[in-house]
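Asks:
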Amino acid sequence: MRPTFPLGRAVAVAIALAFGAIAITPISASAEEDSRIARGGQLYDKWFAVTGAEKPKDTHKAWPASNTKKKGNATWRCKSCHGWDLRGKDGAYASGSYKTGIGGLRAHLGGDPAKVVAAIGDATHGLGDLIADADKADIALFVTKGQLKMESYIGADKSVKGDAMKGAAYYNTLCAGCHAVDGSMPKDLPKPLGAIAASNPWETLHKIQNGQPAEAMPALRALPMDVSLDILAYMVQKMPKK
Numbered sequence: 001m002r003p004t005f006p007l008g009r010a011v012a013v014a015i016a017l018a019f020g021a022i023a024i025t026p027i028s029a030s031a032e033e034d035s036r037i038a039r040g041g042q043l044y045d046k047w048f049a050v051t052g053a054e055k056p057k058d059t060h061k062a063w064p065a066s067n068t069k070k071k072g073n074a075t076w077r078c079k080s081c082h083g084w085d086l087r088g089k090d091g092a093y094a095s096g097s098y099k100t101g102i103g104g105l106r107a108h109l110g111g112d113p114a115k116v117v118a119a120i121g122d123a124t125h126g127l128g129d130l131i132a133d134a135d136k137a138d139i140a141l142f143v144t145k146g147q148l149k150m151e152s153y154i155g156a157d158k159s160v161k162g163d164a165m166k167g168a169a170y171y172n173t174l175c176a177g178c179h180a181v182d183g184s185m186p187k188d189l190p191k192p193l194g195a196i197a198a199s200n201p202w203e204t205l206h207k208i209q210n211g212q213p214a215e216a217m218p219a220l221r222a223l224p225m226d227v228s229l230d231i232l233a234y235m236v237q238k239m240p241k242k
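For the sequence shown, counting from 1, position 49 maps to 49 in the numbering used here; every step adds exactly one.
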């Protein structure tokens, strides 16, 4: 079936292009922020894996004594205090092994990145000498411009909004090459991707959007949000759990 496209309109477009009436302005490299936001999301996840720094051995001084379930380098990850949903004590980390009582970062969404950079290097966070200025800037960009309001997509019961049927096509073309059709790869996965996504959809969505630290996994942030949500829905609802 031929597409409907009026001949007059086609001719008009051709003439306009021929005479330069339509200006096509490329986006400058400096204006592209999605890649930096995604990198900031990876640094937020596990900064020492992204930068190649030595893993911290001691428990972070600001880690609450009330939480005895986590220690060592796990306590130095931004996500460990503020959560995958960046809501801290008001989000998914209101309970569970990462419960700390520490607040989230939602108030910084749309805010000044410089304030986030300053906080990263302050006495509480203690990362001033451990993370380069460019890395701090990328984290700040993620916090101020890259936050997802995950509560709009993921329920407290871990149910997810998305089209699993569409997600199957996205997963099988974008993800299966590395993770296999059944989500069993790479071999060092603790459990199949379907089980991982079902148990922690917040982490899974974060990694779909931003990629996996120190791995070649692509970040899908530059694609329409529905793509990530549909992949997540497919993983949670349809993929093998064993």
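A virtual CB, placed ideally from N, CA and C, is assigned to each residue, including glycine.
As the structure is a computational prediction, the values presented were derived from the model and not from experiment.
What residue does the alpha helix (DSSP H) around Ile102 start on, and which one ends it?
Replies: Premise fails: Ile102 is in no alpha helix (DSSP H) and is neither H nor E.
Asks: Let me know the secondary structure DSSP gives Ile131 once reduced to three states.
Replies: Note: Ile131 maps to coil in three-state DSSP.
Asks: Since Ala214 and Val50 should fall inside the 8 Å C-beta cutoff, what is the C-beta to C-beta distance between them, to a whole number of angstroms?
Replies: With 8 Å as the limit, Ala214 and Val50 qualify as a contact, their Cβ atoms being about 6 Å apart.
Asks: By alpha-carbon positions, which one of Pro190, Leu220, His206, Val116 ends up nearest to Cys175?
Replies: Per the Cα distances, Leu220.
Asks: State the start and end residues of the unbroken alpha helix (DSSP H) segment that holds Asp190.
Replies: Looking at the sequence provided, one finds Pro at residue 190 rather than Asp. From DSSP, Pro190 is part of no alpha helix (DSSP H); its letter is neither H nor E.
Asks: Mind checking who Ile154 pairs with in its DSSP beta bridge?
Replies: Paired residues: Val160.
Asks: Which word fits Thr75, buried or exposed, when buried means at least 16 other C-beta atoms lie within 10 angstroms of its C-beta?
Replies: So Thr75 ends up on the buried side.
Asks: Is the beta carbon of Val236 closer than 9 Å to that of Ala197?
Replies: Their beta carbons are under 9 Å apart, which means Ala197 touches Val236 by this criterion.
Asks: Can you tell me where the alpha helix (DSSP H) holding Leu232 begins and where it ends?
Replies: Run containing Leu232: 225–237, per the alpha helix (DSSP H) assignment.
Asks: Just the Cα atoms here: how many angstroms apart are Gly194 and Tyr98?
Replies: Rounded to the nearest angstrom, the two C-alpha atoms are 22 Å apart.
Asks: Is DSSP giving Gly88 helix, strand or coil here?
Replies: If DSSP states are grouped into helix, strand and coil, Gly88 belongs with the strands.
Asks: Would DSSP call Pro113 helix, strand or coil?
Replies: Looking at Pro113 - three-state DSSP - the assignment turns out to be helix.
Asks: By DSSP, does Gly83 sit in helix, in strand, or in coil?
Replies: Reduced to three states, the DSSP call for Gly83 is coil.
Asks: Can you grab the Cα-Cα spacing for the pair Gly101 / His82, in whole Å?
Replies: The straight-line gap from Cα to Cα measures roughly 9 Å.
Asks: Taking three-plus beta-carbon pairs below 8 Å as touching, is the region 151–163 in contact with the region 197–207?
Replies: With a cut-off of 8 Å, the region 197–207 and the region 151–163 count as touching, because enough Cβ pairs lie within range.
Asks: Any contact between the region 41–61 and the region 123–136? By contact I mean 3 or more CB pairs, one from each, below 8 Å.
Replies: With the cut-off at 8 Å, the region 41–61 and the region 123–136 touch.
Asks: Going by the beta-carbon positions, is the gap between Val143 and Tyr44 smaller than 9 Å?
Replies: Contact: yes.
Asks: State the start and end residues of the unbroken alpha helix (DSSP H) segment that holds Cys178.
Replies: Looking at the DSSP string, the run of the alpha helix (DSSP H) that includes Cys178 is 176–179.
Asks: By alpha-carbon positions, which one of Ser80, Arg77, Leu105 ends up nearest to Arg87?
Replies: Closest option to Arg87, Cα to Cα, is Leu105.
Asks: Measuring CB to CB, does Ile131 end up less than 9 Å from Tyr170?
Replies: Not a contact, by the Cβ cut-off of 9 Å.
Asks: Along the chain, where does the alpha helix (DSSP H) that runs through Glu203 open and close?
Replies: Segment 201–210, the alpha helix (DSSP H) holding Glu203.
Asks: Given this structure, state the Cα-to-Cα distance separating Gly211 from Pro56, to the nearest angstrom.
Replies: Going from the Cα of Gly211 to the Cα of Pro56 covers about 22 Å.
Asks: CB Met217 to CB Asp182, shorter than 9 Å?
Replies: No, the pair does not count as a contact, with Cβ atoms beyond the cut-off.
Asks: Thinking Asp52 and Gly146 are a contact (beta carbons under 8 Å), I'd like their distance in whole angstroms, please.
Replies: First, the amino acid is wrong: residue 52 is Gly here, not Asp. At roughly 22 Å, the Cβ-Cβ gap does not stay under 8 Å, so Gly52 and Gly146 are not in contact.
Asks: For a test of the three-state rule: what should DSSP assign to Ser95, helix, strand or coil?
Replies: Three-state result, Ser95: coil.
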